[in-house]
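> Structure incoming, see below.
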Amino acid sequence: MTVQELPGAAAYRPTPPPAWKPITDPAPLLPDPEPYRVLGTDAVADVDPELLLRLHAELVRGRRYNAQATALTKQGRLAVYPSSTGQEACEIAAALVLEERDWLFPSYRDTLAAVARGLDPVEALTLLRGDRHTGYDPREHRIAPLCTPLATQLPHAVGLAHAARLKGDDVVALAMVGDGGTSEGDFHEALNFAAVWKAPVVFFVQNNGFAISVPLAKQTAAPSLAHKAVGYGMPGRLVDGNDAAAVHQVLSEAVARARRGEGPTLVEAVTYRMEAHTNADDATRYRVDSEVEAWRAHDPVLLLERELTGRGLLDDEGIARAKEAAERMAAALRDRMNADPELVPMDLFTHVYAEQTGQLREQAAALRAELDAEQDHDEHGAEAGR
8 MTVQELPGAA AYRPTPPPAW KPITDPAPLL PDPEPYRVLG TDAVADVDPE
58 LLLRLHAELV RGRRYNAQAT ALTKQGRLAV YPSSTGQEAC EIAAALVLEE
108 RDWLFPSYRD TLAAVARGLD PVEALTLLRG DRHTGYDPRE HRIAPLCTPL
158 ATQLPHAVGL AHAARLKGDD VVALAMVGDG GTSEGDFHEA LNFAAVWKAP
208 VVFFVQNNGF AISVPLAKQT AAPSLAHKAV GYGMPGRLVD GNDAAAVHQV
258 LSEAVARARR GEGPTLVEAV TYRMEAHTNA DDATRYRVDS EVEAWRAHDP
308 VLLLERELTG RGLLDDEGIA RAKEAAERMA AALRDRMNAD PELVPMDLFT
358 HVYAEQTGQL REQAAALRAE LDAEQDHDEH GAEAGR
């Protein structure tokens, strides 16, 4: 039965404006046809040199952090590590554009963003080590737990941002996700709610070309991932994800827009994952070396170094200082990760619920009894041996 066949259909008249009519002009929401760039263009003259130098130092440190964490997996100190080598410009910019009161919602690959925001490097790796659920207090650092399920952090970011606005708190949430995460239902739900509520959220998609082994062309037929923003009624921005200055500028504008109460923005950074999906992945099965080498010429560290040295803002001595600082960080991380962690089994029950359920109390009591019995056995055995 069609609408026209329903009883009383002849008397039906839509109330203007018609419900199907778009409430937003799509033209201002469309992203640029090409990724926005700053380095190597006239726009770089407007960037604070101190910001460029800070970005460089953080990129160098981030590159070394990725290398050290990857080495720790080979030494058995980490169970897994999803490297962000090649994506450091996205990671660093995401951390630096936020105020202390803002929230970062990272995915599993965004460990470096959490560290750049000030999180202890060891605490950032604790989840990947398999010791604890998170390894840090999200509320203290304003960093949500590193999210392994794809895109589930996006609705969480919207909920927090919407709640903050209702309370009158001047807070922006920046939610990071990979290109693979945009194929999840959580992505749709988050963007839809955020746009309708005008929640102060920035959705930051790092399009690194592959969802594990699935290339972007097999995930979407859209002109770009940034174009998806139009369907939700928010602006889409397309940026060169290896241009640290450009990513910082675009994200800064999106954060400022959200803080002014103008709603969310979807930013797509076009970048490349230089290494495998994780240390358990063999990337040679789905991509060729020549493709990787082509992207090495667009390395985010080299792009920024070329700009800074060309303008006389950085010399060999400055590059050496940045590398030395990165080496000190890596050495400290290596030493601390080589120490066996002191695990407290009862912590399993500490942060599950604010008030433990009856079942959890029973399980905790059973574990406590087992631990006490084990301790008594060890003590009696030690006495018998004396």
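Just remember that the working numbering sits 7 ahead of the position in the sequence shown, which is counted from 1. Idealized CB from N, CA, C, for every residue including glycine.
Let me know the secondary structure DSSP gives M8 once reduced to three states.
Indexing the sequence shown from 1 puts residue 8 at position 1. Because M8 sits at a pLDDT of 46, beneath the cut-off of 50, its placement in the model cannot be relied upon, and the point is left open.
> Taking 7 Å as the limit between beta carbons, can you name the residues of its chain near V165, skipping five residues before and five after?
For the purposes of this step, residue 165 is taken as residue 158 along the sequence shown, with counting starting at 1. If you ignore the 5 residues before and after V165, its C-beta comes within less than 7 Å of the C-beta of A197, F200, A201, A206 and V208, all in its own chain and listed in chain order.
> Just checking, does the segment 173 to 184 make contact with the segment 254 to 267 on the three C-beta pairs under 8 Å criterion?
The answer is yes - the segment 254 to 267 touches the segment 173 to 184, with three or more Cβ pairs under 8 Å.
> Kindly indicate the opening and closing residues of the beta strand (DSSP E) around F211.
Counting from one through the sequence shown, the residue named residue 211 turns up at place 204. From DSSP, the beta strand (DSSP E) with F211 extends over V208 to N214.
> Is A287 helix, strand or coil when you go by DSSP?
To locate residue 287, count along the sequence shown from 1; it is residue 280. In this structure, A287 counts as coil in the three-state DSSP scheme.
> Would you identify the three-state DSSP class for V54, choosing helix, strand or coil?
Within the sequence shown, residue 54 is the residue found at index 47, counting from 1. Looking at V54 - three-state DSSP - the assignment turns out to be coil, as it is neither helix nor strand.
> Given that a residue counts as buried once 16 or more other Cβ atoms are within 10 Å of its Cβ, and exposed if not, what is Y43?
Position 36 of the sequence shown, counted from the first residue, corresponds to residue 43. Result: buried.
> Using DSSP's beta-bridge definition, name the partner residues of R244.
Stepping through the sequence shown from its first residue, residue 244 is reached at position 237. Per DSSP, the beta-bridge partners of R244 are V274.
> In chain order, which continuous runs of the alpha helix (DSSP H) of length 4 or greater are located wholly inside the segment 156 to 218?
160 to 174 and 192 to 204
> Could you tell me the alpha carbon to alpha carbon distance between N214 and W204, rounded to whole angstroms?
Walking along the sequence shown from the start, residue 214 turns up at place 207. Walking along the sequence shown from the start, residue 204 turns up at place 197. Going from the Cα of N214 to the Cα of W204 covers about 26 Å.
> Which one of T357, L315 and D342 has the shortest CA to CA distance from A64?
Mapped onto the sequence shown, residue 64 falls at position 57. With distances taken between Cα atoms, A64 lies closest to L315.
> I'd like to check one pair, L119 with R95: are the Cβ atoms closer than 8 Å?
To locate residue 95, count along the sequence shown from 1; it is residue 88. To locate residue 119, count along the sequence shown from 1; it is residue 112. Reading the sequence as shown, one finds Glu at residue 95 and not Arg. Result yes, Cβ atoms of E95 and L119 sit closer than 8 Å.
> Could you check if K235 is buried or exposed, using at least 16 other CB atoms within 10 Å of its CB as the buried criterion?
The count along the sequence shown starts at 1 and reaches residue 235 at position 228. Under this definition K235 is a buried residue.
> Among G319, D250, L232 and L245, which residue has its Cα nearest to the Cα of H195?
By one-based count along the sequence shown, residue 195 stands at place 188. Distance from the Cα of H195 is smallest, within the candidate group G319, D250, L232 and L245, for L232.
> Among residues of its own chain, excluding the 5 on either side of R292, which ones have a beta-carbon nearer than 8 Å to its beta-carbon?
If you number the sequence shown from 1, residue 292 lands on position 285. If we look at R292 and ignore the five residues flanking it on each side, its Cβ neighbours are S220.
> Buried or exposed: G175, going by 16 or more other Cβ atoms within 10 Å of its Cβ?
Your numbering for residue 175 matches position 168 in the sequence shown. Counting Cβ neighbours within 10 Å, G175 comes out exposed, since fewer than 16 surround it.
> According to DSSP, what are the bridge partners of S114?
Stepping through the sequence shown from its first residue, residue 114 is reached at position 107. The partner list for S114 (beta bridge, DSSP) reads C154.
> Can you tell me which of S91, P152 and A100 puts its alpha carbon nearest to the alpha carbon of G216?
Counting from 1 along the sequence shown, the entry for residue 216 is found at position 209. Here the closest residue by C-alpha is S91.
> Note down, in chain order, each residue of its chain lying with its Cβ closer than 7 Å to the Cβ of A229, except the 5 sequence neighbours on either side.
Position 222 of the sequence shown holds residue 229. Correct list, in chain order: K235.
> Should H358 go down as buried or exposed, given a rule of 16 or more other Cβ atoms within 10 Å for buried?
Locating residue 358 in the sequence shown gives position 351, where the first residue counts as 1. Flag for H358 reads exposed.
> Put Y239 into one of helix, strand or coil per three-state DSSP.
The residue you call residue 239 lines up with position 232 of the sequence shown. Three-state DSSP puts Y239 in a helix.
> Ignore the nearest five residues each way along the sequence and tell me which others in W302's own chain have a CB closer than 6 Å to its CB.
On the sequence shown, position 295 is the one that residue 302 refers to. Result list for W302: Y279, in chain order.
> Can you give me the C-alpha to C-alpha distance between G137 and R318, rounded to a whole angstrom?
By one-based count along the sequence shown, residue 137 stands at place 130. By one-based count along the sequence shown, residue 318 stands at place 311. Taking the straight line from one Cα to the other gives about 45 Å.
> Is there contact between the segment 273 to 290 and the segment 342 to 352, where contact requires at least three CB pairs shorter than 8 Å?
The answer is no - the segment 342 to 352 does not touch the segment 273 to 290, with fewer than three Cβ pairs under 8 Å.
> Look at the alpha carbon of T80 and the alpha carbon of L135, and state the distance between them as a whole number of angstroms.
For the purposes of this step, residue 80 is taken as the residue at position 73 of the sequence shown. For the purposes of this step, residue 135 is taken as the residue at position 128 of the sequence shown. Looking at the two C-alpha atoms, the distance is approximately 9 Å.
> Which residues mark the beginning and the end of the alpha helix (DSSP H) in which S231 is found?
The residue labelled residue 231 in the question sits at position 224 within the sequence shown. Per DSSP, S231 belongs to no alpha helix (DSSP H) and is neither H nor E.
> So, with DSSP's three-state summary, where would you put P222?
Along the sequence shown, one-based indexing puts residue 222 at 215. It is a strand residue.
> Less than 8 Å separating the beta-carbons of G185 and P38?
What you label residue 185 is simply residue 178 of the sequence shown in a count that begins at 1. What you label residue 38 is simply residue 31 of the sequence shown in a count that begins at 1. Not in contact: G185 and P38 (Cβ atoms no closer than 8 Å).
> Quick check: the Cα distance between L85 and P128, rounded to an integer number of angstroms?
Start at 1 with the first residue of the sequence shown, and residue 85 comes out as number 78. Start at 1 with the first residue of the sequence shown, and residue 128 comes out as number 121. Each residue's alpha carbon lies about 13 Å from the other.
> Give the straight-line distance between the Cα atoms of L310 and G125, rounded to the nearest whole angstrom.
Your numbering for residue 310 matches position 303 in the sequence shown. Your numbering for residue 125 matches position 118 in the sequence shown. If you take the alpha carbons of L310 and G125, they lie about 25 Å apart.
> With a threshold of 8 Å on Cβ separation, who are the neighbours of A34 within its own chain once the five nearest residues in sequence on each side are excluded?
Position 27 of the sequence shown, counted from the first residue, corresponds to residue 34. Cβ neighbours of A34 beyond the five flanking positions: none.
> Which of the three DSSP states, helix, strand or coil, is assigned to Y72?
In the sequence shown, the residue the question calls residue 72 occupies position 65. DSSP places Y72 in helix when its eight states are reduced to three.
> Quick check: what's the CA-CA separation for A50 versus D250?
Here residue 50 refers to the residue found at position 43 when the sequence shown is read from its first residue. Here residue 250 refers to the residue found at position 243 when the sequence shown is read from its first residue. Roughly 12 Å between the two C-alpha positions.
> Could you tell me the alpha carbon to alpha carbon distance between A158 and Q226, rounded to whole angstroms?
As a first step, residue 158 is located in the sequence shown; it is residue number 151 there, counting from the start. As a first step, residue 226 is located in the sequence shown; it is residue number 219 there, counting from the start. Straight-line Cα distance between these residues: approximately 15 Å.
> CA-CA distance, V212 and G187?
As a working note, residue 212 is residue 205 in the sequence shown. As a working note, residue 187 is residue 180 in the sequence shown. For V212 and G187, the distance between alpha carbons rounds to 9 Å.
> Any idea if G270 is buried or exposed, counting beta-carbon neighbours within 10 angstroms, 16 or more meaning buried?
As a first step, residue 270 is located in the sequence shown; it is residue number 263 there, counting from the start. So G270 ends up on the buried side.
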